[in-house]
Structure formats: C-alpha cells, structure tokens
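Q: One structure is given below, represented as structure tokens, and several questions about it will come after.
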Amino acid sequence: MPDPQAAPTLPKVATGITGFDDLTYGGLPAGRPTLVCGAAGCGKTLFATTFLVNGATRYGEPGVFMSFEERAEDLAANVASLGYDLDGLVAAGHLAIDHVRVERSEIEETGEYDLEGLFIRLGFAVDSIGAKRVVLDTIETLFAGFTDPTLLRAELRRLFGWIKDRGLTAIITGERGDGPLTRQGLEEYVSDCVVLLDNRVEDQITTRRLRVVKYRGSAHGTNEYPFLIDQAGLSVLPVTSADLDYAVPDGLLSTGIAGLDGMLGPRGFHRGSGILISGEAGTGKSMLAASILDAACRRGERCMAFVFEESGAQIIRNARSIGLDLGAHVASGRLRFEAARPSLFGLETHLARMHRDLDQFRPDVVVIDPISALRGPSGELQATLLRMIDLIKVRGITAIFTTLRGDGSLIEDNDLGVSSLMDAWIKLQNMEANGERTRTLYVIKARGMSHSNQIREFLMSSGGIQLVDAYIGPSGVLTGTARLVQEAQERAAAQQHRDATERRLRDMARRRSALERQIEELRAGLEAAVDEEESLRAEDTARGVTLEAEQQALIARRSAAE
Amino acid sequence: MSDTTSDGQAPEADPDRDPDRDAGHYHLRLYVAGQTAKSVAALTNLKRFCEEHLAGHYDIEVIDLMQNPQLAAGDQILAIPTLVRRLPSPLKRIIGDLSNTEKVLVGLDIRPKADRP
Numbered sequence: 001m002p003d004p005q006a007a008p009t010l011p012k013v014a015t016g017i018t019g020f021d022d023l024t025y026g027g028l029p030a031g032r033p034t035l036v037c038g039a040a041g042c043g044k045t046l047f048a049t050t051f052l053v054n055g056a057t058r059y060g061e062p063g064v065f066m067s068f069e070e071r072a073e074d075l076a077a078n079v080a081s082l083g084y085d086l087d088g089l090v091a092a093g094h095l096a097i098d099h100v101r102v103e104r105s106e107i108e109e110t111g112e113y114d115l116e117g118l119f120i121r122l123g124f125a126v127d128s129i130g131a132k133r134v135v136l137d138t139i140e141t142l143f144a145g146f147t148d149p150t151l152l153r154a155e156l157r158r159l160f161g162w163i164k165d166r167g168l169t170a171i172i173t174g175e176r177g178d179g180p181l182t183r184q185g186l187e188e189y190v191s192d193c194v195v196l197l198d199n200r201v202e203d204q205i206t207t208r209r210l211r212v213v214k215y216r217g218s219a220h221g222t223n224e225y226p227f228l229i230d231q232a233g234l235s236v237l238p239v240t241s242a243d244l245d246y247a248v249p250d251g252l253l254s255t256g257i258a259g260l261d262g263m264l265g266p267r268g269f270h271r272g273s274g275i276l277i278s279g280e281a282g283t284g285k286s287m288l289a290a291s292i293l294d295a296a297c298r299r300g301e302r303c304m305a306f307v308f309e310e311s312g313a314q315i316i317r318n319a320r321s322i323g324l325d326l327g328a329h330v331a332s333g334r335l336r337f338e339a340a341r342p343s344l345f346g347l348e349t350h351l352a353r354m355h356r357d358l359d360q361f362r363p364d365v366v367v368i369d370p371i372s373a374l375r376g377p378s379g380e381l382q383a384t385l386l387r388m389i390d391l392i393k394v395r396g397i398t399a400i401f402t403t404l405r406g407d408g409s410l411i412e413d414n415d416l417g418v419s420s421l422m423d424a425w426i427k428l429q430n431m432e433a434n435g436e437r438t439r440t441l442y443v444i445k446a447r448g449m450s451h452s453n454q455i456r457e458f459l460m461s462s463g464g465i466q467l468v469d470a471y472i473g474p475s476g477v478l479t480g481t482a483r484l485v486q487e488a489q490e491r492a493a494a495q496q497h498r499d500a501t502e503r504r505l506r507d508m509a510r511r512r513s514a515l516e517r518q519i520e521e522l523r524a525g526l527e528a529a530v531d532e533e534e535s536l537r538a539e540d541t542a543r544g545v546t547l548e549a550e551q552q553a554l555i556a557r558r559s560a561a562e
Numbered sequence: 001m002s003d004t005t006s007d008g009q010a011p012e013a014d015p016d017r018d019p020d021r022d023a024g025h026y027h028l029r030l031y032v033a034g035q036t037a038k039s040v041a042a043l044t045n046l047k048r049f050c051e052e053h054l055a056g057h058y059d060i061e062v063i064d065l066m067q068n069p070q071l072a073a074g075d076q077i078l079a080i081p082t083l084v085r086r087l088p089s090p091l092k093r094i095i096g097d098l099s100n101t102e103k104v105l106v107g108l109d110i111r112p113k114a115d116r117p
C-alpha cells in the first residue's frame, strides 16, 4: 500500500478567498470542474466572480465568465462595490465575459441538434485570452431553454469532460433543489468537488454558511463554516477549529491601575490570558476595561474593542470622564472599536467578523464588552464563546471579557459558566450599606499567580480608577462613607489616646521635676548640716587647744608660786 | 445584408402588404460546425424548403463556426445547427436539422403554399 503521505497531492488552484483555501488545503482541484450550489441569494455568483477576479489579479490566470443569467454589465455593476473592476480586467485581456441568453420563446426545435455552439463559444473565449479558469453561472438555465433533458444531460457530461480535457479549472454554479443538491442533479456530472453555500435564517437572523460536501482525492474541512459577504468581499472563516495546542506568550500585562496590579503577585496579568470582568450594571466594567485599553495603548500596543451595547464614540466620551483620552488612541490607529448590536448578526457571523477583524488589525489586547449581550440558544452560546476564546488565544492576544452576570454564567437561571474558560476573573460588586452604594473589586481567580484575596474599594474620578483598601474589621467589611466614618472614629480615638499619653507624660515630667527639686533641697540641707558639723568640729578643736593652753598657763603660774 | 430596415417594424406575414415591396424577403443565416451529418442535413432541408415556399425572396448565409468561432456569441448560438431568421423581424432561432417541416414553418412564420390566397 502506498503511504498516503508520500502520494502526490492533488494539484490545486487557489481561489484567493480568505479561509476557503485553508479549509480545502489549497483551493479547488486544478483542471477539474467544481460545483458550487446553493439557494438563491447565497453568493454563488459572487463566489465564482471572486475566483475569477483573484485568478486574474493575483495568480496571473485569466478567466472566462460564461453567464447564463446576468448580462455582463449587470455582473460588473454588481461586484463594482467590492472593488472588482470587471470592465478593466476585460479590457486588459485578463477576463472574458460571455452572456449566454437562453430564451425559450425564441427557439424552435425542428430536429436533431447538439450544443456544439456552446463549446465553440467557450472554446473561443478561453483561447482568446489564454484562460485557465472558467465559470459557468448558472448552466441549469439551459434546461429552461431546451426541451430535451436527455440530450442536455449528455451534452453537459460532454462539456464537463471537455473542460477536464482542456485542463480548465471550472466553477459550475447550480441552484439548490428540494431533494438533491441541485435542481437538475448536476452533482452527478461534476463529482470532483462540491461546495454547498447556505443562507439560514434563525430567529430572524441570517447566517451564511459554506460546506465542502465532497472533494475527491483530497482532505478538506468537513464542517459548516460561516462566511461573510461585505465590502471586503467574500471570506470564509474556519472558526470551528478548537485546538488547545497554542503557544503561550510570555510577559505580563499591566492593567494601568496601580492598586489592581498590586493585588496580583507578579504585578499584572499574564499576556495571552482571558480575563473576565463580571459585575452588574453600573459597577464600572466598561471603565475598568477602558483603563486597561488606555494603559496598553500608552505602551504602544494595538488594541481592539468589540462592543455590543454602546458605540465607540460613546465609550470614548464616557472614558473621558475618568480622565482617559481613548479618542487620541483611535486617532493614532492603535485602538479600534467594532461596535455592532448583538441582534444584527447571528453568533456565527459575529464570530466570523471577529475572526476577520483580528486577522486584519492584529491587536495585542482585545476587549469584548459584554459577552452577556450575545443572545442565542445556550448550547450555541457556549460553543460560540469557546470558539471566540480559542480564536483569541491561538493568536496570543490578551482578551478582556465583561459580563453582566455576577456569577459568570451566560444566561439567567442557567449554570452555564464561562468562568472556567477564563484565566482570570475580576468581580465587581456594588455594596449597599447605610443608604449608599460603593464600588468594590476583588480578584476571584488568576491562573498561574498569587493574588490578593481582599476586597478593595475602587473610586472612579477624573484622575482615573483608584483602588482603596476596604475597611475590614470585627464588624465586617466597611466601604464608602461607613469606611470613612470608621476611619474618622479610629483617628479620633487615636488622637484621644495620644492626648492622654501626652498628658500623663507631662504629669510625670512635673512629678519628676518636683522630686528633683526636693532632692536639691535635701542636698542643700545636707550640705548645711555638713558645714555646721565641720564648724562645730573646728570650734571644738579650737576650744580644746585653748583649754590646754590655759591649763599650761595655770600650771606654769602654779609652779611659779611654789 | 439587405437595406430593408423599414421592414423591421412591419409584421412580415401580413397578407395586406404590398407584395412588390421587399417585405417578404427572408434573410436566413445557418450556423453549422463543420460538415457534420446534422449540419449537412440541415442545409439540405433548408434549401429544399426555401425553394418550395420562399422561391425568389430569400437568401441563405451559412456560417461555419469551426472557422469563425467569434461569430457564435453575436447571434447567441448554443445549439448546432441553428437557423436564424434575421429578416423579417423579429429575430427567430430555429435549432435542429430542420427535419420537422411543420415546426420549421411555424418557426419561420411561413404559411404553407396551399394556404396562400
């Protein structure tokens, strides 16, 4: 058995459609016809046109557009809004457009015929510009123009064979029927590659999806992938991939709020992590996110904010009230707001847009505010968020999600949590006490780092967000005015205590000086006593000397008398 | 090409028309692709047919798309063989080898000789 890895891979032709070439590992099968089918308005013609235009402009492969429905000028007008200049390409010889008009009323069948004319026209168009790509849009129209389906089928089979023989990479579009993929069962003839476009409406919201039904001789992504048609053209987004083998970027992301950084062991969040900010209305989620954005932009990083409830301008205005000039960051191109109502698109489309925007803008930090605004069936929501988180993490982007639900769940009365998907979780809470509310903040979790377990009060002022240590005492946690009162009381008590101590110190000083005075007096008395003693002693000695002298004198006198 | 542009506005099969004007002139163009059996059959049928019904006021132009493929798009040719009635207007396309006489007559708006006054 040959090793499938070693086997030569099927040659492919890139369509240049973002995402589609990825999920088909290279594009459409080269030199073979591909069937693109879908209901009306699915984007078949646009898909085919994009294939041709990209071929002509990017890959140097001229193409022939054989239109059975739209006239060449209509076709050109339809795609002009996407920046495709069909007329210019035709003039430059990169594109040939042949409008095949099939009008049943003008045709009378009078015997045997074949569709050699179609072959000749196609062949002529291909040869005139050296085309490598061909689009037949929508060839099923032929079934309306000719009465003999057996002959048509035989001719179509011959046509597809002819395309293969000529080595042309072709897209054949087909209208989707009820049962089979196309009304006329074209998939029977074009069996190499079948792409199904779908436009599904759920809850009044349309989501475009694309699926590669089959791809003979090649692996391909098998899921339904959302795709977008907007001013940037057509892009398919393989967002269902949810691998967990992404690289983790190094480094820390400072939140720009000193107090919050201080609550985290390494003084910031790990880069590339998902940070959930939960809190009820008015707890300051958006402003906290805005502070982080501002700090990142100041460091020169690129930031992107997907906002679902406010416009970018409104957030800029609101952030100005806390002294953040987000408008300057937008002007400098470091910050981009993508505002859209959640109900504007389906979840898939939101994801798809996000996918495209992330790849276009390549931000370092992304804010999604709030994820709780996204609506949909819970299972789908969970899957969407999971993919959204993967989408961001795979790119090494730090993501900040805000949610209105205090418990981190997506929907009320549902324990469907996103918190387990997040690396860090900051909870904002309004504490109500003493007739007032105070904003508090605490870090519930922060994977891979130590963090403070304390509740901090935070203040929003024109100077930004500041964190204040909450009062935690025997009577519980006190915040706001209560904290101020308590602090004042404590200050007063301390003052009293200081005063009392000083008073006692003064007393002691007084007593000491009194004692010292007494000691002085006593010492003076002692000295006086010593003096007296000495004088007495001297007197006494003097008297003794005198007595002896008198005695001597007496003796002397007595002896003289004898 | 004949210079009967004014005939374009008039219904060609109008029996009240002046027969001297070239109103009934048939300008026919047969598209073929090489000398296939169908092409040969179509040309044979057409000639026979015109002689029978349009003797004197028709001309046939045969275009071989194998030699002039660029001409196929102009007359919106898909099927081969295709007979295009350029004049009288409106333009009509008749496809096939013209073996079904009934349909060719209907397609060309020709009344069989027997019906003519």
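Chains as they are written, first to last, in full-length UniProt numbering: chain D, 1 to 562; chain C, 1 to 117.
Don't be surprised by glycine CBs; every beta carbon is placed ideally from N, CA and C.
Bear in mind the structure is a predicted one, so any value in this text is a computation, not a measurement.
Quick check: what's the CA-CA separation for alanine 154 of chain D versus isoleucine 110 of chain C?
A: Those two C-alpha atoms are separated by around 33 Å.
Q: With three or more beta-carbon pairs closer than 8 Å as the criterion, would you say the region 158–170 of chain D touches the region 194–201 of chain D?
A: The region 158–170 of chain D is not in contact with the region 194–201 of chain D.
Q: So, with DSSP's three-state summary, where would you put glycine 300 of chain D?
A: Here glycine 300 of chain D sits in coil by DSSP.
Q: Whose Cβ in chain C lies nearer than 9 Å to the Cβ of arginine 104 of chain D?
A: Going along chain C, no residue has its Cβ under 9 Å from arginine 104 of chain D, so there is no contact; the nearest lies around 11 Å.
Q: When the distance is taken between beta carbons, is arginine 334 of chain D closer than 7 Å to arginine 302 of chain D?
A: The answer is yes: Cβ separation under 7 Å.
Q: Which residues in chain D have a C-beta closer than 7 Å to the C-beta of isoleucine 94 of chain C? List them in chain order.
A: Within chain D, the residues near isoleucine 94 of chain C are Glu108 and Thr110.
Q: Using beta-carbon positions only, say whether lysine 103 of chain C and glutamate 108 of chain D come within less than 7 Å of one another.
A: Closer than 7 Å, so yes.
Q: Roughly how many angstroms lie between the CA atoms of glutamate 532 of chain D and glutamate 516 of chain D, to the nearest whole one?
A: Glutamate 532 of chain D and glutamate 516 of chain D: Cα-Cα distance of roughly 24 Å.
Q: Buried or exposed for alanine 553 of chain D, going by 16 or more other Cβ atoms inside 10 Å?
A: Exposed, since its Cβ has fewer than 16 Cβ neighbours within 10 Å.
Q: Measure from the C-beta of isoleucine 110 of chain C to each C-beta in chain D and report whether the shortest distance is under 7 Å.
A: No, no contact with chain D.
Q: What are the boundary residues of the alpha helix (DSSP H) that includes histidine 99 of chain D?
A: Segment 95–99 is the beta strand (DSSP E) holding histidine 99 of chain D; no alpha helix (DSSP H) there.
Q: Compare the C-beta of arginine 387 of chain D with all C-beta atoms of chain C and state if any pair is closer than 7 Å.
A: Not an interface residue.
Q: Can you tell me where the alpha helix (DSSP H) with aspartate 165 of chain D in it begins and where it stops?
A: 149–166 is the extent of the alpha helix (DSSP H) around aspartate 165 of chain D.
Q: Considering glutamine 314 of chain D, what are the terminal residues of the beta strand (DSSP E) in which it resides?
A: Note, glutamine 314 of chain D: premise wrong, no beta strand (DSSP E); alpha helix (DSSP H) at 312–320.
Q: Quick check on the DSSP output: the beta strand (DSSP E) that includes alanine 433 of chain D runs from which residue to which?
A: Element bounds for alanine 433 of chain D: 424–433.
Q: With C-beta atoms as the reference, is leucine 152 of chain D less than 7 Å away from methionine 66 of chain D?
A: Cβ atoms of leucine 152 of chain D and methionine 66 of chain D: not closer than 7 Å.
Q: So, is isoleucine 120 of chain D buried or exposed, given that buried needs 16 or more other C-beta atoms within 10 angstroms?
A: Answer is buried; the Cβ neighbour count reaches 16.
Q: CA-CA distance, glycine 130 of chain D and proline 69 of chain C?
A: Computed Cα separation, rounded: 15 Å.
Q: Since valine 100 of chain D meets chain C, which of its residues come closer than 9 Å, beta carbon to beta carbon?
A: In chain order: Ala73, Gln76 and Leu78.
Q: Distance check for leucine 260 of chain D and asparagine 199 of chain D, CA to CA, integer angstroms please.
A: Rounded to whole angstroms, asparagine 199 of chain D to leucine 260 of chain D spans 46 Å at the Cα level.
Q: Between valine 106 of chain C and alanine 76 of chain D, what straight-line distance do the alpha-carbon atoms span, to the nearest angstrom?
A: Using only the alpha carbons, I get a separation of about 38 Å.
Q: Measure from the C-beta of tyrosine 113 of chain D to each C-beta in chain C and report whether the shortest distance is under 7 Å.
A: Yes - at least one Cβ of chain C is within 7 Å of the one on tyrosine 113 of chain D.
Q: Taking only beta-carbon atoms, is glutamine 67 of chain C less than 7 Å away from chain D?
A: Answer no: the Cβ-Cβ gap between glutamine 67 of chain C and chain D never drops below 7 Å.
Q: Starting from phenylalanine 124 of chain D, trace the alpha helix (DSSP H) both ways and give me its first and last residue.
A: Element bounds for phenylalanine 124 of chain D: 116–129.
Q: With contact counted as at least three CB pairs below 8 Å, one residue from each stretch, are the region 76–86 of chain C and the region 25–43 of chain C in contact?
A: Segments in contact, yes.
Q: So proline 88 of chain C contacts chain D; which residues on that side make the cut at Cβ distance below 8 Å?
A: Correct list: empty, because the minimum Cβ distance to chain D is about 15 Å.
Q: What is the DSSP secondary structure of isoleucine 95 of chain C, counted as helix, strand or coil?
A: In the structure shown, isoleucine 95 of chain C sits in a strand (DSSP, three-state: E or B).
Q: Do you know offhand how far alanine 80 of chain D's Cα is from glutamate 70 of chain D's?
A: Approximately 14 Å, taken between the alpha carbons.
Q: Is it true that the region 175–185 of chain D meets the region 37–54 of chain D, where meeting means three or more beta-carbon pairs spaced less than 8 Å apart?
A: Because the criterion of three Cβ pairs below 8 Å is met, the region 175–185 of chain D and the region 37–54 of chain D touch.
Q: Exposed or buried, what is asparagine 434 of chain D when buried is set at 16 or more other beta-carbons lying within 10 Å of its beta-carbon?
A: Per the 10 Å Cβ criterion, exposed.
Q: In terms of residue numbering, what span does the beta strand (DSSP E) encompassing residue 607 of chain D cover?
A: Because chain D is modelled from 1 through 562, residue 607 of chain D falls outside the range shown and cannot be assessed.
Q: Kindly indicate which residue of D/Gly19, D/Ile315 and D/Arg456 has the alpha-carbon position closest to the one of glutamate 338 of chain D.
A: When only C-alpha atoms are compared, the closest one is D/Ile315.
Q: Quick check on the burial criterion: 16 or more other C-beta atoms within 10 angstroms. Buried or exposed for residue 150 of chain C?
A: With chain C represented from 1 up to 117, any question about residue 150 of chain C goes unanswered, as that position is not in the structure.
Q: Give me the DSSP bridge partner(s) of phenylalanine 337 of chain D.
A: Partner(s): D/Ala305.
Q: Quick check on the DSSP output: the alpha helix (DSSP H) that includes alanine 37 of chain C runs from which residue to which?
A: Segment 37–53, the alpha helix (DSSP H) holding alanine 37 of chain C.
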